[in-house]
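S.K.: In terms of the UniProt record's numbering, the sequence shown opens at residue 1 and continues consecutively. Glycine included, C-beta positions come from ideal geometry on N, C-alpha and C. Computed from a prediction, not measured in an experiment: that's the story for all the values here. Pasting in a structure now, in structure tokens, and then I'll have a few things to ask.
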Amino acid sequence: MFEPYEDLHEVREFIDRGKTIARHEVFGPVLSVIPFDTEEEAIAMANDSDFGLASGVWTQNLGRAHRVAERIEAGTVWVNTYRVSQAQAPFGGVKQSGYGRERGLEAIEEYLTTKNVMINLTNEPDKSF
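Written out as structure tokens, the structure is:
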């Protein structure tokens, strides 16, 4: 059985961003550490994948947190935390990480069909064309 704090190991090497572990969804106790120099580079690396289930950003700068979270292509972006979830918060991925949402109002909307009905309630013919 995995014991989260007992089985963690030290970072032995930085991951090259071209490696499979950096470009695919890996489920398990894995952390890919990839160095970067700029915010732009970090966002580009985060989005350079066919997957987008969830992501995490660690920063002390609230402005940066908002900028980066907005630009990362993932269904969930955690800031200064990871794997926190609430029943009312929608959950789901983008790209090859899934379609649609679980939980929240977004999940209910998956079962609805929206229809727009326009009615002219006057006796005058429609002159919009």
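Let's see if you can read the secondary structure: which residues bound the alpha helix (DSSP H) around residue 54?
M.R.: Taking the sequence shown and counting its residues from 1, one reaches residue 54 at position 54. Element bounds for residue 54: not the alpha helix (DSSP H) but the beta strand (DSSP E), 54-57.
S.K.: Since residue 76 is in the beta strand (DSSP E), which residue starts that stretch and which ends it?
M.R.: Along the sequence shown, one-based indexing puts residue 76 at 76. Segment 76-79, the beta strand (DSSP E) holding residue 76.
S.K.: For residue 81 and residue 70, what's the separation of their Cα atoms in angstroms?
M.R.: Your numbering for residue 81 matches position 81 in the sequence shown. Your numbering for residue 70 matches position 70 in the sequence shown. Cα-Cα distance, rounded: 17 angstroms.
S.K.: Measure how close the beta-carbons of residue 45 and residue 64 come, nearest whole angstrom, since I'm counting them as under 8 angstroms.
M.R.: Counting from 1 along the sequence shown, the entry for residue 45 is found at position 45. Counting from 1 along the sequence shown, the entry for residue 64 is found at position 64. So it is not a contact: roughly 15 angstroms between Cβ atoms.
S.K.: Residue 52 to residue 127, Cα distance in whole Å?
M.R.: Residue 52 sits at position 52 when you count from the first residue of the sequence shown. Residue 127 sits at position 127 when you count from the first residue of the sequence shown. So the alpha carbons of these two residues sit roughly 47 angstroms apart.
S.K.: With a threshold of 16 other CB atoms inside 10 Å of the CB of residue 117, please say whether the residue is buried or exposed.
M.R.: The sequence position of residue 117 within the sequence shown is 117, counting from 1. It counts as exposed.
S.K.: What does the Cβ neighbour count give for residue 93, buried or exposed, with the cut at 16 atoms within 10 Å?
M.R.: Locating residue 93 in the sequence shown gives position 93, where the first residue counts as 1. So residue 93 ends up on the buried side.
S.K.: Thinking just about the alpha-carbon of each residue, which of 37, 25, 106 and 43 is nearest to the one in residue 88?
M.R.: Position 88 of the sequence shown, counted from the first residue, corresponds to residue 88. Ranking the options by Cα distance to residue 88, first place goes to 106.
S.K.: Please confirm whether residue 54 and residue 75 have their CB atoms less than 8 angstroms apart.
M.R.: Against the sequence shown, residue 54 aligns to sequence position 54. Against the sequence shown, residue 75 aligns to sequence position 75. Taking 8 angstroms as the Cβ cut-off, residue 54 and residue 75 qualify as a contacting pair.
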